[in-house]
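Below you'll find the structure, written out as structure tokens, and then a few comments.
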Amino acid sequence: MAGKRLLFVLGLVGIVSVAGGAVVYAITREFSVIPLSLVWGGLLSLLIFFYVNFTEIRAFVSKRSTKHGANMAVMITIFVAIIGLIGVMSVRYKIRVDLTETGRYSLSQQSVKILKSLENDVEAVAFYRSDERSRQAMHDLLKEYSYHTTRFRFWFVDPDKRPIEAAKYGVTSYRTTLIRSRGKQEIVGYESEEKVTNALLRVIGDEVKIIYFLKGHGEKSLQDDREAGYKSAREAIEKEAYEVRELLLVNEERVPEDAAILVVAGPQKDILPAELVKIRRYVDGGGSVLFLLDPLLTPEISKILQDYGFKIGNDIIIDKQSKMLGANYLTPVVMEYNQKHTIGRDFSFVTFFPVARSVAVQEDPVRGRYNLAETGSSSWAKSKGKLDEEEIEFNPTEDQRGPINLAAVSVIKVEDGENRPLAEIDERGDAGAPTPKSDLEEGVNRWGRIIVVGDSDFASNAYLNLMGNMDFFLNMIGWLAEEAALVSVRKKPAELTPLTLTDTQTNLVFWLCVVLAPASMLAIGVGVVGRRRWMS
Amino acid sequence: MNPRNIGLIFKKDLKSYFNSFIAYAVIAIFLATTGYLFFNLLASFSVLSFQAQANPMVAKHYNLLNVNETVVRPLFGNISIVMLLMLPLLTMKLLADEKKSGTMELLLTYPVRDAEVVLGKFLACLTVFAAMLGSTIGYPLLLINLGEPEVLPMITGYAGLFLLGAAFISLGIFTSSLTENQIIAGSLSIGVLFVFWLMGYSTMFVSSGIGQIISYVAINEHLESLAKGVVDTEDIIYFLVFTALFLFLTLRSLESKRWR
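Chains as they are written, first to last, in our numbering: chain Y, -12 to 523; chain F, 237 to 496.
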């Protein structure tokens, strides 16, 4: 008897030891000495247990109940397997009907097409506070995406509760969603199918966009790490996953085909007419050019830009307010941005433009012409006379009173193929879109785009990191390089169905739902049960 | 399987719910809780609507000024949680009580099959639940009267709740078949339902493949689309399969009584 009890203990010890080893492994996640010896020791004692008790075990196995049990286990396993299969099939092949009036829970065909053609995994990380009201909308939207493919996965992170996660992805604001694939990522700012799909397209796109910087006319150098150089600008652009190259246009027949943007950063000499022709051809064919033009130089470029609607002032902007912010009076400060255009929308940082000239367009939404940034009202544009800090004052006869605009944008329709009205695109602020390459981008057009800024120093090493300068610069680069409106989705939002209750109605709802309905149910119960008691 | 036998069991159990005070009390409490939640949602939506008149951009931006989005959809979510807490109370006695009072043996020796017993009890409980759910019909009617909600999403939402209830009940019957103690059966049922409910939250801690499986198994994820007006065969099949699985397990559990 004592031996039997010992054997029983042996079996128990075996099981506990194996289980203990498994638990230690589950906690430490490595098979070190302790879990290994636990598992081996346990197995050994179990072996002895089985060996010694062989007859009893055989008797147990051949018992009726054991057979039934095993039988049942097999049946359950088969049933669960079948159910699992049904589950898998129901996820793979399913019918989905959106019964809302506006169809607000369905993706557009374009988005679905893109999702079906995904070849790599895409993940979306949404950074929302748990109690954020717009979280649900983003969740609905991302869920739609994951419905159509198994390659799209998303999850939410609450930056307040998991700040480390937010830091890992470099996210600093709520209501931000990252679309990531193969090391590339795009930021989506709010809950719109259009934004998510376009971000998705950019993330899965193979090519790295190339940004060419014109050289040969004394432009800012990309290698120069001194104050006036553009080394920081180059690094900032490269950080956004663009490739940066220099371009000596004199030697080339045309602006390279692969150019996403051509940047003309502060030329000291005018560009040769032959080069200007090449640049014009590039823009008219759907290219994007960023001109950063310093005051009093390059009249030829200014002349060409007039054809695109720009008015490049032959002046210098004086801004006395800037002194209060620590700059000199030749460094105008910009705090007002055009809310109608993507670049200026929601942009609220202060930017500085050392030694700048005025640049403006006649605003025209149909042709995508917008003024982007203007100085304060205490500034003016001076076109004559000497610059002497002590005596400089506004001269009403010669100078132009502020606010002075110093950056502007215009888009140029490419004359081929069918077009859709520009006004529609501009309303959402992402005018201009190069090259429909596949049938995904139905009805989308090509636009050349030009941005002109009356200063090149704001993006130089000395000023790039000042306040909002870098953001403004990268906003412009991003907009120019963007294949915006690749897909344009006009989703009908949920209808507005406000409902205001009067006090009486509020009380009525409360009494009906919280008091009267339950009470009458209780009354019925009392009636029925009471009647039975009474009858019996 | 004989439908007559199922009918007999069904009637017997339905009577035991409605002749005693249980059904009425449970429904009344269900109505009071969900009624308060409904009132709360509606009243705050009314306040929001009022505020939006002053600043329409805000509400438009968040898609919030839609009765379906802001009242109906969360209401279904709220009702489902009340269900999660109350349905186990209805199911816990179904089999456990029979065992405790010794009527189980009687039942098993009747010329009725296990499947008929289980199905009859399941349908009886489902009927009580349908009455429970049906008694909340006043909320959508009030909404239609006071505002302009979309009707189809409300219908799909109710269908979703019904399927969800069926799933809850099948699990409740199963736990009730495991033990003869009602309290254990009830709390086990609530516990398991909570596991199915909260599962979805752990998807972010596991790898993508397992995450997909977990989010499929999690029960509340499947109510979501029905509650917002989207009918997806995946969700409907999920609820049906869930129900079938636990009814099957109940049968096995009853069967094991014979040879254990």
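For glycine and all other residues, C-beta sits at the position ideal for the given N, C-alpha and C. Fair warning: this is a prediction, and the values are worked out from it, not measured in the lab.
Legend entry - the segment 245 to 258 of chain Y touching the segment 181 to 198 of chain Y, judged by at least three CB pairs closer than 8 Å: At 8 Å Cβ cutoff, the stretches touch.
Inset, instruction - Measure the CB-CB distance between A288/F and P485/Y and report whether it falls below 8 Å. - result: Working through the second sequence from its first residue, we reach residue 288/F at position 52. Working through the first sequence from its first residue, we reach residue 485/Y at position 498. Taking 8 Å as the Cβ cut-off, A288/F and P485/Y qualify as a contacting pair.
Inset, instruction - Identify whether Q326/Y lies in helix, strand or coil by the three-state DSSP scheme. - result: Working through the first sequence from its first residue, we reach residue 326/Y at position 339. Residue state, collapsed to three classes: coil.
Inset, instruction - Could you run through the segment 278 to 291 of chain F and flag, in chain order, every residue whose CB is less than 9 Å away from some CB of chain Y? - result: With the criterion set as a beta carbon lying under 9 Å from some beta carbon of chain Y, the members of the segment 278 to 291 of chain F are L278, A279, F281, S282, V283, L284, S285, F286, A288 and Q289, in sequence order.
Inset, instruction - Name, in chain order, the residues that DSSP records as bridge partners for K400/Y. - result: Along the first sequence, read from residue 1 onward, the residue named residue 400/Y stands at position 413. Looking at the DSSP assignment, K400/Y forms a beta bridge with W434/Y.
Legend entry - Contact test: A368/Y Cβ vs the ligand MG heavy atom, cutoff 7 Å: Only the bare structure without any ligand can be found here, which leaves the ligand MG out of the picture.
Inset, instruction - Would you mind reading off the limits of the alpha helix (DSSP H) that contains L377/F? - result: Counting from 1 along the second sequence, the entry for residue 377/F is found at position 141. Taken as a continuous stretch (DSSP letters only), the alpha helix (DSSP H) holding L377/F covers G374 to L382.
Inset, instruction - Taking A343/Y as the reference, give the member of I303/Y, V320/Y, P352/Y and K327/Y with the closest Cα. - result: Taking the first sequence and counting its residues from 1, one reaches residue 343/Y at position 356. Residue I303/Y is the option with its Cα nearest to A343/Y.
Inset, instruction - Kindly indicate which residue of T270/F, G436/F, A264/F and F358/F has the alpha-carbon position closest to the one of L250/F. - result: Against the second sequence, residue 250/F aligns to sequence position 14. Checking every option, the nearest Cα to that of L250/F belongs to F358/F.
Legend entry - Start and end residues, beta strand (DSSP E) containing E457/F: By 1-based counting over the second sequence, the position of residue 457/F is 221. No beta strand (DSSP E) contains E457/F, which is instead part of the alpha helix (DSSP H) from N456 to K464.
Inset, instruction - Compare the C-beta of S77/Y against all C-beta atoms of chain F and say whether one is closer than 8 Å. - result: In the first sequence, residue 77/Y corresponds to position 90, counting from 1. The beta-carbon of S77/Y is placed less than 8 Å from the nearest beta-carbon of chain F.
Legend entry - the segment 317 to 335 of chain F contacting the segment 396 to 413 of chain F, beta-carbon criterion three pairs below 8 Å: Touching, yes.
Inset, instruction - Identify the contact partners of I473/F in chain Y, using a Cβ-Cβ distance below 7 Å as the criterion. - result: Indexing the second sequence from 1 puts residue 473/F at position 237. Within chain Y, the residues whose beta carbon sits less than 7 Å from that of I473/F are I73 and S77, listed in sequence order.
Legend entry - CB contact check: A261/F to chain Y, cutoff 8 Å: Counting from one through the second sequence, the residue named residue 261/F turns up at place 25. So yes, A261/F belongs to the interface.
Legend entry - Which of helix, strand or coil DSSP assigns to T285/Y: Taking the first sequence and counting its residues from 1, one reaches residue 285/Y at position 298. Here T285/Y sits in coil by DSSP.
Legend entry - Proximity below 8 Å, CB of L279/Y to CB of A446/Y: What you label residue 279/Y is simply residue 292 of the first sequence in a count that begins at 1. What you label residue 446/Y is simply residue 459 of the first sequence in a count that begins at 1. Going by C-beta atoms, L279/Y is nearer than 8 Å to A446/Y.
Legend entry - L209/Y to K218/Y span [Cα, whole Å]: Start at 1 with the first residue of the first sequence, and residue 209/Y comes out as number 222. Start at 1 with the first residue of the first sequence, and residue 218/Y comes out as number 231. Pairing L209/Y with K218/Y, the inter-Cα distance amounts to about 5 Å.
Inset, instruction - Indicate whether at least one CB of chain F lies closer than 8 Å to the CB of R519/Y. - result: Against the first sequence, residue 519/Y aligns to sequence position 532. Yes, contact with chain F.
Legend entry - Residue environment, K207/Y, which counts as buried when at least 16 other CB atoms sit within 10 Å: As a first step, residue 207/Y is located in the first sequence; it is residue number 220 there, counting from the start. It counts as buried.
Inset, instruction - Since I believe I399/Y is in contact with V270/Y (beta carbons under 8 Å), could you give me their beta-carbon distance rounded to a whole number of angstroms? - result: As a first step, residue 270/Y must be located in the first sequence, where it is residue number 283. As a first step, residue 399/Y must be located in the first sequence, where it is residue number 412. Between the beta-carbon of V270/Y and that of I399/Y there is about 6 Å, and that keeps the pair under the 8 Å contact cut.
Inset, instruction - Following the continuous beta strand (DSSP E) through E233/Y, name the residue where it begins and the one where it ends. - result: One-based indexing of the first sequence puts residue 233/Y at position 246. Run containing E233/Y: E230 to L234, per the beta strand (DSSP E) assignment.
Legend entry - Cβ neighbour criterion (16 or more within 10 Å) applied to Y474/F: Taking the first residue of the second sequence as position 1, residue 474/F is located at position 238. Counting C-beta atoms within 10 angstroms of its own C-beta, Y474/F has 16 or more neighbours from the protein chains shown and is therefore classed as buried.
Inset, instruction - Would you verify that the beta carbon of V364/F is, or is not, closer than 8 Å to some beta carbon of chain Y? - result: Position 128 of the second sequence holds residue 364/F. No, because no Cβ of chain Y sits closer than 8 Å to the Cβ of V364/F.
Inset, instruction - Let me know the secondary structure DSSP gives E244/Y once reduced to three states. - result: The residue labelled residue 244/Y in the question sits at position 257 within the first sequence. Looking at E244/Y - three-state DSSP - the assignment turns out to be coil, as it is neither helix nor strand.
Legend entry - Amino acids of chain F, ordered along the chain, whose beta-carbon sits closer than 8 Å to that of I511/Y: Translated into the one-based positions of the first sequence, residue 511/Y becomes position 524. Result: Y260.
Legend entry - Residues near M340/F in its chain [Cβ-Cβ closer than 6 Å; skip 5 each side]: Looking up residue 340/F in the second sequence gives position 104. Cβ neighbours of M340/F beyond the five flanking positions: E334.
Inset, instruction - Helix, strand or coil for L249/Y, going by three-state DSSP, please let me know. - result: For the purposes of this step, residue 249/Y is taken as residue 262 along the first sequence, with counting starting at 1. Under the three-state reduction of DSSP, L249/Y is assigned to strand.
Legend entry - Beta carbon proximity, Y452/F to chain Y, threshold 8 Å: Working through the second sequence from its first residue, we reach residue 452/F at position 216. The Cβ of Y452/F sits closer than 8 Å to at least one Cβ of chain Y.
Inset, instruction - Check each residue of the segment 484 to 506 of chain Y: if its Cβ is closer than 7 Å to any Cβ of chain F, include it; give the result in chain order. - result: So the list reads T484, P485, L486, T487, L488, Q492, T493, V496, F497, L499, C500, V501, A504 and P505, given in the order they occur along the chain.
Legend entry - Under the three-state DSSP convention, the category K251/F falls into: In the second sequence, counting from the first residue as 1, residue 251/F sits at position 15. Here K251/F sits in helix by DSSP.
Inset, instruction - At 8 Å on the CB atoms, spell out the chain Y contacts of T392/F, in chain order. - result: Position 156 of the second sequence, counted from the start, is the residue given in the question as residue 392/F. L86, listed in chain order.
Inset, instruction - Return no unless some Cβ of chain C is closer than 8 Å to the Cβ of K202/Y. - result: Included in the structure are the protein chains Y and F, with no chain C among them.
Legend entry - Residue from V496/Y, R91/Y, S366/Y and N448/Y whose Cα sits closest to the Cα of P376/F: Position 140 of the second sequence holds residue 376/F. It is V496/Y whose Cα lies nearest to the Cα of P376/F.
Legend entry - Amino acids of chain F, ordered along the chain, whose beta-carbon sits closer than 7 Å to that of E482/Y: To locate residue 482/Y, count along the first sequence from 1; it is residue 495. Correct list: N302.
Legend entry - Residues, ordered as in the chain, of the segment 339 to 364 of chain F that lie near chain Y by beta-carbon distance below 8 Å: The segment 339 to 364 of chain F vs chain Y, Cβ under 8 Å: nothing.
Inset, instruction - Mind checking who Y199/Y pairs with in its DSSP beta bridge? - result: If you number the first sequence from 1, residue 199/Y lands on position 212. DSSP, once it has assigned bridges, lists R232/Y and L249/Y as partnering Y199/Y.
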